[in-house]
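Chemist: One rule links them: number in my numbering = place in the sequence shown (from 1) + 1.
Beta carbons: idealized from backbone N, C-alpha and C, even for Gly.
Just so we're clear, the structure is a prediction, and the values are computed from it rather than from any experiment.
Before I ask anything, let me first share the structure, which is written out below as structure tokens.
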Amino acid sequence: MDKISPFHIKNFRKQTGLSQKAFAQAVDLPTRTYRSYETGERGLTIDKFRELKERLGYYQDCDKNSLRAQIDYLRLTFPRLKDLDAFCENFLHCHLSEFTDQETRLMNYTHLWQRGNIWIFDFFDKSVTNDYQTCLQLSGQGCRELELLLEDKGITWQIFLQNILYSYENVRVKRLDIALDELYKGYGHEDEQIQIPKLIDKLYSKEIVLDTIKKWNITGGGSFTDNEDMEANHGLSIYFGSRQSQLYFNFYEKRYEIARMENISLDESLEIFGIWNRYELRFSDQKAQGIVEEYINGVDLGEIARGIINKEIQVYDGLTRFGAYKPDEKWQRLFGGVEPLKLSTNPQPYSIERTIRWLTYQVANSLALVTEADKILQTEYMKMIQNSGEITDRGKAMLRLLKANKHYEH
Numbered sequence: 002m003d004k005i006s007p008f009h010i011k012n013f014r015k016q017t018g019l020s021q022k023a024f025a026q027a028v029d030l031p032t033r034t035y036r037s038y039e040t041g042e043r044g045l046t047i048d049k050f051r052e053l054k055e056r057l058g059y060y061q062d063c064d065k066n067s068l069r070a071q072i073d074y075l076r077l078t079f080p081r082l083k084d085l086d087a088f089c090e091n092f093l094h095c096h097l098s099e100f101t102d103q104e105t106r107l108m109n110y111t112h113l114w115q116r117g118n119i120w121i122f123d124f125f126d127k128s129v130t131n132d133y134q135t136c137l138q139l140s141g142q143g144c145r146e147l148e149l150l151l152e153d154k155g156i157t158w159q160i161f162l163q164n165i166l167y168s169y170e171n172v173r174v175k176r177l178d179i180a181l182d183e184l185y186k187g188y189g190h191e192d193e194q195i196q197i198p199k200l201i202d203k204l205y206s207k208e209i210v211l212d213t214i215k216k217w218n219i220t221g222g223g224s225f226t227d228n229e230d231m232e233a234n235h236g237l238s239i240y241f242g243s244r245q246s247q248l249y250f251n252f253y254e255k256r257y258e259i260a261r262m263e264n265i266s267l268d269e270s271l272e273i274f275g276i277w278n279r280y281e282l283r284f285s286d287q288k289a290q291g292i293v294e295e296y297i298n299g300v301d302l303g304e305i306a307r308g309i310i311n312k313e314i315q316v317y318d319g320l321t322r323f324g325a326y327k328p329d330e331k332w333q334r335l336f337g338g339v340e341p342l343k344l345s346t347n348p349q350p351y352s353i354e355r356t357i358r359w360l361t362y363q364v365a366n367s368l369a370l371v372t373e374a375d376k377i378l379q380t381e382y383m384k385m386i387q388n389s390g391e392i393t394d395r396g397k398a399m400l401r402l403l404k405a406n407k408h409y410e411h
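Structure (structure tokens):
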């Protein structure tokens, strides 16, 4: 029986905003018992974890709020941004001193400033050449890190983008990604979710009608040692459009990607992160600029994204008795709803959790062996291992950023 990692149990509890004692009371467990799950002294099975979630009210009203929208990538180009210190303080709400800088060749720039996954590109010799073109780039994690800074000031994405576009008239939105996550409806409700393999079947049977996008392809699937080896599956992806076009979709089985990246089972991926599929919309150049301008004028990005999918992709489920195409019920429930789809945020600080997870899964067993060997041989190999480590310059920069982030966490 799969056991939930203590690391993920603690993270789930922290997301509820409850202390260990309050959480234990909410799920009707002795505090000491619950604490032993977080420390790893006891193992918590998937089934037991589901029970705890049900006691907290999860899995109710499955059809409501089944889609979550968030900004997952942003790239802005400023033709002439001279005062980078002021830009960081007034718009990113942090100090330039919190960034590390290095040489780069990415996108023809020569200078890169990094604050975790918030990146700023410019030129080393800008004061000599008078070329002050600057680029702000946020990956998916960079978006989450910026949300933490904005939340500290009570600023939304809409206000953030309004402030930038109104203050810098020539700023250009070069790329914008919106991620629509289909949320997990709970154990036993999997047949109510959209199945990417079924969408692929519909593409071949012409039960999916595309508007302006004419090109699509499929990747993924992983390798199987036998028919039941589902954990080996990397998940399927359907791409609509071309990467070189201004509008590009990627629909994929996000739960498999999470399981692989977090080194956990598929069941753990669903129960902990609660994401079934992801529907990713990538806009570039004029399309991205138009979407952002529409957003800052009052139309929510979630609604824009769902409207674009509705326009570009129609999914059907056979014919009615009159010979007309019958709209696919699951697809309509997800993308055809009348309830407003608001942009959500998930503020996250830059962290060393990935390093901790790697140590837990790759090194912990070896360290436990060395500890026991020290007891038998009366040696101090563990102390030698600990003393042999040194913090690199990159590590020191990470520690400074972790310290700076403590100010923004509540």
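Please report the residue range of the beta strand (DSSP E) in which His96 lies.
Modeler: Where His96 is concerned, there is no enclosing beta strand (DSSP E), given that its DSSP letter is neither H nor E.
Chemist: Relative to the C-alpha of Lys312, which residue among Asp301, Gly337, Glu294, Lys331 is closest?
Modeler: Residue Gly337 is the option with its Cα nearest to Lys312.
Chemist: Assuming Leu107 is part of the beta strand (DSSP E), what are its boundary residues?
Modeler: It is not in any beta strand (DSSP E) - Leu107 carries neither H nor E in the DSSP assignment.
Chemist: Buried or exposed, going by whether 16 or more other CB atoms sit within 10 Å of the CB of Glu391?
Modeler: Classification for Glu391: exposed.
Chemist: Would the beta-carbon of Thr135 fall within 8 Å of that of Phe79?
Modeler: Closer than 8 Å, so yes.
Chemist: For the 8 Å Cβ check, are there 3 or more pairs between the stretch 76 to 93 and the stretch 175 to 185?
Modeler: Touching, per the Cβ criterion.
Chemist: Among Tyr317, Gln333, Leu335, Arg334, which one has its Cα closest to the Cα of Lys327?
Modeler: The shortest C-alpha separation from Lys327 is found at Tyr317.
Chemist: What do you reckon, are the CB atoms on Lys186 and Ser67 nearer than 8 Å?
Modeler: The answer is yes: Cβ separation under 8 Å.
Chemist: Does the distance from the CB of Glu258 to the CB of Gly275 come in under 8 Å?
Modeler: The answer is no: Cβ separation not under 8 Å.
Chemist: Helix, strand or coil, according to DSSP, for Lys65 in the structure here?
Modeler: Only weak support exists for where Lys65 lies, its pLDDT of 49 falling under 50; the value from the coordinates is given anyway. The answer is coil: DSSP assigns Lys65 none of H, G, I, E or B.
Chemist: Contact between the stretch 189 to 196 and the stretch 295 to 314 is defined here as three or more beta-carbon pairs at a separation below 8 Å; is this criterion met?
Modeler: No, because fewer than three Cβ pairs between the stretch 189 to 196 and the stretch 295 to 314 fall closer than 8 Å, the two stretches do not touch.
Chemist: Skipping 5 residues on each side, what residues in its chain have a beta carbon closer than 6 Å to that of Phe252?
Modeler: Contacts found: Ile239, Tyr280.
Chemist: If you compare alpha carbons, which of Arg43, Gly141, Arg56, His96 is closest to Phe8?
Modeler: Nearest option by C-alpha distance: Arg43.
Chemist: Which residue comes first and which comes last in the alpha helix (DSSP H) that contains Asn388?
Modeler: Run containing Asn388: 382 to 389, per the alpha helix (DSSP H) assignment.
Chemist: Measuring straight from C-alpha to C-alpha, what distance separates Glu272 and Ile219?
Modeler: The straight-line gap from Cα to Cα measures roughly 27 Å.
Chemist: When we look at the beta-carbon of Phe92 and count the other beta-carbons within 10 Å, is it buried (16 or more) or exposed?
Modeler: Label assigned to Phe92: buried.
Chemist: Please check the pair Leu166 and Ile297, which I expect to be a contact at CB under 8 Å, by giving their CB distance rounded to whole angstroms.
Modeler: Going by Cβ atoms, the distance from Leu166 to Ile297 rounds to 6 Å, so yes, they are a contact pair.
Chemist: Is DSSP giving Ile392 helix, strand or coil here?
Modeler: Here Ile392 sits in coil by DSSP.
Chemist: Within 10 angstroms of its Cβ, does Glu330 collect 16 or more other Cβ (buried), or is it exposed?
Modeler: Exposed.
Chemist: Please report the Cβ distance between Asn164 and Gly143, rounded to the nearest whole angstrom; I am assuming they are in contact, meaning their Cβ atoms lie under 8 Å.
Modeler: At roughly 18 Å, the Cβ-Cβ gap does not stay under 8 Å, so Asn164 and Gly143 are not in contact.
Chemist: Is it right to say Leu162 is buried, meaning 16 or more other beta carbons lie within 10 angstroms of its own, or is it exposed?
Modeler: It counts as buried.
Chemist: By the DSSP assignment, the beta strand (DSSP E) with Thr135 in it spans what residues?
Modeler: Segment 135 to 139, the beta strand (DSSP E) holding Thr135.
Chemist: Can you give me the Cβ contacts of Ser111 inside the same chain, cut-off strictly under 6 Å, excluding the 5 residues immediately before and after it?
Modeler: Ser is not the amino acid found at residue 111; the sequence shown has Thr there. Correct list, in chain order: Phe124, Phe125.
Chemist: Mind checking which residues open and close the beta strand (DSSP E) that includes Leu320?
Modeler: Element bounds for Leu320: 314 to 320.
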